[in-house]
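Throughout the sequence shown, residue numbering follows the working numbering, covering -9 to 301 in sequence.
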Amino acid sequence: MIHQYLDINPEVQDALTNGKPVVALESTIISHGMPYPQNVETALRVEEIIRGKGAVPATIAIIKGKLKAGLTKEEIDYMGRGKGILKTSRRDIPFLISKGLDGATTVASTMIIASLAQIKIFATGGIGGVHRGAEESFDISADLQELSNTNVAVVCAGAKSILDLGLTLEYLETHGVPVVGFKTEELPAFYTRKSGFKVDYIVEDAKEVAAALKTKWELGLKGGMVIANPIPEEHQMDFNIINQAIDEALMEAGIRGIKGKATTPFLLERVKELTKGNSLDANIQLVYNNARVAAEISVELAKLENPVYSE
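Structure, rendered in structure tokens:
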């Protein structure tokens, strides 16, 4: 039944059939994260990085009502140029399919489609989380609920630093989602390597992550894992500068009454303007770094699950 909705790219399907490593990628960063053609160039570069590490990239999207696991270059360009491509989370999927619309997938919807395609590793920039002031607004990203339910591991540079990181960690703990620091004891804060919050576990290499994931899922412990991978030191932003920009953007969002799914795109765009584009440059570099680590983990997991697999 699912095959009438899901279209798996032949390269991705071949890799899955033969137990080779595959890394899922979201498409919101293409359609809503940066301007054309930089968005397409970045997406294609991320795919190159994953291939260079021995894995197959599978960019996820919804195109004309079809769930896509793995896009062609032409489809990536379409997502980068397209107008009216909807930012898509779990609640939106059935409506986009039934109406034949285009959707750029968030962390939550990318996890869902990756899971349907049996892809277990996903690289993104940063996960959503509990928004600042959520004790009044109840604004909590669907990403967190998805992480507690869907068996996909997410490699990210922590949660977006526009969020309440402490409450985000509390939510993940309550729902049994491990937050693992990749060679770090501190949760990275997207643009910076430091946040002041500790991760649950520290791992030193991709083999350690792959072993934990295999064990978790074989035990039937439902849900994903957050692998928090800090932005490379040479690309991180000054802690005070970025937080000042975030505070100013949050104040403007409050004054203008921006809420719900419009909040994150507004804040990221405003922070980019306030930092004269430096935040976008940092964003691109951390995505590249996450792609490398995700590919390494995917390769190690493939070796554990398919002993005959060799790079």
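Virtual Cβ for every residue (Gly too), placed ideally from N, Cα, C.
Among the options, nearest to residue i - alpha-carbon criterion
i	options	result
Ala179	Asn141, Phe229, Leu137, Val170	Phe229
His121	Ile287, Pro0, Ala252, Glu37	Ala252
Ile52	Glu163, Ala104, Leu6	Ala104
Asp133	Lys197, Ser127, Thr114, Glu125	Thr114
Leu294	Pro11, His(-7), Glu125	Pro11
Met215	Ile248, Asn268, Ile111	Ile111
Lys73	Ile87, Ala94, Lys150, Val193	Ala94
Leu6	Asp129, Ala59, Glu38	Ala59
Pro222	Lys43, Pro47, Cys146	Cys146
Ile(-2)	Leu86, Thr182, Ile109, Pro25	Ile109
Lys307	Ala243, Glu224, Val167, Ile232	Residue coverage of the chain in this structure runs from -9 to 301, which leaves residue 307 outside it and unanswerable.
Residue environment, residue i, which counts as buried when at least 16 other CB atoms sit within 10 Å
i	result
Gly90	exposed
Gln234	exposed
Leu137	buried
Val298	exposed
Gln28	exposed
Gln226	buried
Asn296	exposed
Thr49	buried
Asp92	buried
Gly118	buried
Thr62	exposed
Lys249	exposed
Leu209	exposed
Which residues DSSP lists as bridging residue i, in chain order
i	result
Met215	Ala143
Thr253	According to DSSP, which records beta bridges pairwise, Thr253 is partnered with nothing at all.
Ala179	Gly148, Thr182
Ala113	Leu15, Val145
Tyr191	Val170
Beta-carbon proximity check, residue i vs residue j, cutoff 9 Å
i	j	result
Ala143	Ile217	yes
Val13	Gly70	no
Ile152	Val261	yes
Ile192	Lys173	yes
Phe128	Leu159	no
Contacts around residue i, its chain only, beta-carbon distance under 6 Å, and the 5 residues preceding and following it disregarded
i	result
His165	Ser138
Ala285	Val13, Ile40, Lys43, Ala45
Neighbourhood of residue i by C-beta distance below 7 Å, restricted to the same chain and skipping five residues each side
i	result
Leu264	Ala235, Glu238, Ala239
Glu16	Ile50, Thr95, Thr96, Val97, Thr100, Thr114
Ser185	Gly148, Leu155, Glu176, Leu177, Pro178, Ala179
Spatial neighbours of residue i in its chain, beta-carbon cut-off 8 Å, leaving aside the 5 residues before and after
i	result
Val283	Ala113, Val145, Phe172, Ala196, Ile217, Asn219
Leu34	Lys63, Ile66
Ile(-8)	Leu106
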